[in-house]
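The sequence shown runs contiguously to residue 216 in the numbering used here. Every residue, glycine too, gets a C-beta built ideally from N, C-alpha and C. First the structure, in the form of structure tokens, and then the observations on it.
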Amino acid sequence: MCTRYSLTSPPEAVRAFFHAPRVDDFPPRYNIAPSQPVLIARNDVLGSPELQLVRWGLIPSWVRDPRALRSTLVNARAETAAEKPAFRGALRHRRCLIPTTGFYEWTGKKTARQPHLICLKDYDLFALAGIWECWLGADGSEIETMSILTTAANGDVSHLHDRMPVIIAKQDFERWLDCRSGSFDDILDLLRPLPDGSLRAMPVTSRVNDPRAEGPGIHEPAASPLLL
């Protein structure tokens, strides 16, 4: 699962990372939660990279009324996304990348959950694999949404959780975003965990547990990690 992440890199660094022509200014975000507007990188209709705000929590295009959904689809399992009606069309035609500087995972009991911030060891900014969808209402309204693809956890994360988001290496961005073939056969090899030793995890303040909490203090190391 991936239900919270951060993006604290400056806008210009994000723009350059994805070779996008422009990006609107945005503040650092330390505690991004489902249902919030989030930044994604995708190819535009001409096949050029663009950065766009969408809502986190995929709404399938065939849903009649999003208000009737019990919950939106925050994550998609990489192993089965190609088979699921909610995801397979987007996996073929609407792949995206989610810029991030870290994601969170929790350990411990529900009454004393200890959050852990997980980052790449060698880079501040990296990209999660995602798919996006556009829901069209009968009144002409549009809602663009996204879901993060997850895979089995590698050795760096498995002691915290058995799942982790798929992370796409920069050299594979172009291949991941190129949906012109209308197939997913040529990107299935990217839906795998990172090699062990690529990530570092540290316990951080329990203020992360509140999705309304924000600010750099969210990343403060836990003074005394909660008992696991």
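Review point. Should Ser171 go down as buried or exposed, given a rule of 16 or more other Cβ atoms within 10 Å for buried?
Key: Here residue 171 refers to the residue found at position 183 when the sequence shown is read from its first residue. It counts as exposed.
Neighbourhood of Arg65 by C-beta, 7 Å cutoff - its chain only, sequence neighbours within 5 removed: Counting from one through the sequence shown, the residue named residue 65 turns up at place 77. Cβ within range, chain order: Thr138.
Gly45 to Gly143, Cα distance in whole Å?
Counted from its first residue, the sequence shown places residue 45 at position 57. Counted from its first residue, the sequence shown places residue 143 at position 155. Rounded to the nearest angstrom, the two C-alpha atoms are 27 Å apart.
Leaving out five residues on either side along the sequence, give the residues of the same chain with a beta carbon under 6 Å from the beta carbon of Pro199. Locating residue 199 in the sequence shown gives position 211, counting from the first residue. Closer than 6 Å at the Cβ level, and outside the excluded window around Pro199, lie Ala21.
Review point. Where does the unbroken beta strand (DSSP E) through Glu130 begin, and where does it stop?
Key: Taking the sequence shown and counting its residues from 1, the one referred to as residue 130 is at position 142. Start and end: Glu130 to Ala140.
message = If distances are taken between C-alpha atoms only, which option among Pro15, Leu61, Trp50 and Ala29 comes closest to Thr(-9)?
response = As a first step, residue -9 must be located in the sequence shown, where it is residue number 3. Of the candidates Pro15, Leu61, Trp50 and Ala29, the one whose C-alpha sits nearest the C-alpha of Thr(-9) is Leu61.
Report task. Name, in chain order, the residues that DSSP records as bridge partners for Arg43. Result -> In the sequence shown, counting from the first residue as 1, residue 43 sits at position 55. Its beta-bridge partners are Pro25 and Thr133.
Considering only the beta carbon of each residue, do Ile155 and Arg163 sit closer than 8 Å? Here the question's residue 155 lines up with position 167 in the sequence shown. Here the question's residue 163 lines up with position 175 in the sequence shown. No, they are not a contact pair.
- Query: Taking the alpha carbon of Pro103 as the point to measure from, which residue in Lys97, Lys109, Asp110 and Glu93 has its own alpha carbon closest?
  - Reply: One-based indexing of the sequence shown puts residue 103 at position 115. It is Glu93 whose Cα lies nearest to the Cα of Pro103.
Requested in this report: Report the rounded CA-to-CA distance for Leu148 versus Asp32, giving the unit in angstroms.
Outcome: Counted from its first residue, the sequence shown places residue 148 at position 160. Counted from its first residue, the sequence shown places residue 32 at position 44. Cα-Cα distance, rounded: 37 Å.
Exercise. Based on Cα-Cα distance, which residue from Ser194, Lys109 and Trp120 lies nearest to Lys97?
Worked result: Within the sequence shown, the letter at position 109 stands for residue 97. The residue with the shortest Cα to Cα distance from Lys97 is Ser194.
task: Please state whether DSSP places Val192 in a helix, a strand or coil.
output: Indexing the sequence shown from 1 puts residue 192 at position 204. Strand.
message: Could you tell me the alpha carbon to alpha carbon distance between Glu121 and Pro16, rounded to whole angstroms?
response: Stepping through the sequence shown from its first residue, residue 121 is reached at position 133. Stepping through the sequence shown from its first residue, residue 16 is reached at position 28. Approximately 25 Å, taken between the alpha carbons.
Please classify Ser36 as buried or exposed, where buried requires at least 16 other C-beta atoms within 10 Å of its C-beta.
Against the sequence shown, residue 36 aligns to sequence position 48. Burial call: exposed.
Does the Cβ-Cβ distance between Cys84 and Gly118 come in under 8 Å? To locate residue 84, count along the sequence shown from 1; it is residue 96. To locate residue 118, count along the sequence shown from 1; it is residue 130. Yes, they are a contact pair.
| Nearest to Val42 by alpha carbon, out of Gly90, Ala56 and Leu27? | Residue numbering aside, residue 42 sits at position 54 when the sequence shown is read from its first letter. Answer by Cα proximity: Leu27.
Could you tell me the alpha carbon to alpha carbon distance between Asp127 and Arg55, rounded to whole angstroms? Position 139 of the sequence shown holds residue 127. Position 67 of the sequence shown holds residue 55. Roughly 15 Å between the two C-alpha positions.
Could you check what DSSP says for Phe9 in three-state terms: helix, strand or coil?
-> The residue labelled residue 9 in the question sits at position 21 within the sequence shown. The sequence shown places Pro at residue 9, rather than the Phe named in the question. In this structure, Pro9 counts as coil in the three-state DSSP scheme.
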